[in-house]
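To convert, count from 1 in the sequence shown and add 1; that's my numbering.
Even glycine gets a Cβ: it sits at the ideal position worked out from N, Cα and C.
Predicted model, so just to flag it, every value in this text is computed and none were measured.
Beneath this line is the structure, given in structure tokens, with notes to follow.
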Amino acid sequence: MIDVVEAGRHSSIQDRGRPGFERFGIPPGGVADWFAAAVANRLVGNAPDAALIEATVSGPTLRWEREMTIAITGADCPDASLPSWRATQADAGSVLRLGPLEAGLRSYVAIRGGIEVPVVLGSRSLCASGA
């Protein structure tokens, strides 16, 4: 379980999106940076299109309720409390603070096992225009 202490500027759950529904007025959505998201997922042992946290402009502050393997990729997070672009073990009760992003707009936080949220039209991604 993850406790969201602070959401950051715009953090959301994303995956590959919902391609094929455009004719119904539903945008495909999904991650903005496929490469960074896929690498984050692979680093923790997930499928490349598993749901993960996408942070835009500034990242969230998260508390882990149990030990987890996580990876942060994408834009630089100089204030992050954990290293980027590698799998890291987060202890139960520890806090991850991404803070402001630099040299890019989006960062990704993948968690081994993925993120369980309801699947809607084949995707776990938030569709902000429909929320």
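For LEU44, DSSP records no beta bridge to any residue.
In the DSSP annotation of this structure, the continuous segment of the beta strand (DSSP E) that includes SER108 starts and ends at 103-112. Between GLU103 and ALA76, the C-beta gap is smaller than 8 Å, which places the two residues in contact.
Close CB contacts of PRO84 within its chain, under the 8 Å cut and outside five residues either way in sequence, are with ILE73 (chain order). Around the beta-carbon of ALA111, 16 or more other beta-carbon atoms lie within 10 Å, marking it buried. Just measuring C-alpha positions, the residue of ILE27, ILE116, PHE25 and SER126 sitting nearest MET2 is ILE116.
Each residue's CA atom was taken as its position, placing SER59 and ARG24 some 33 Å apart. Between the alpha carbons of ALA81 and PRO119 lies a distance of about 29 Å.
Nearest neighbour of LEU97 by Cα position, chosen from GLY31, ASN42, GLY26 and PRO79, turns out to be PRO79. Going by DSSP, SER12 is part of the beta strand (DSSP E) stretching over 11-15.
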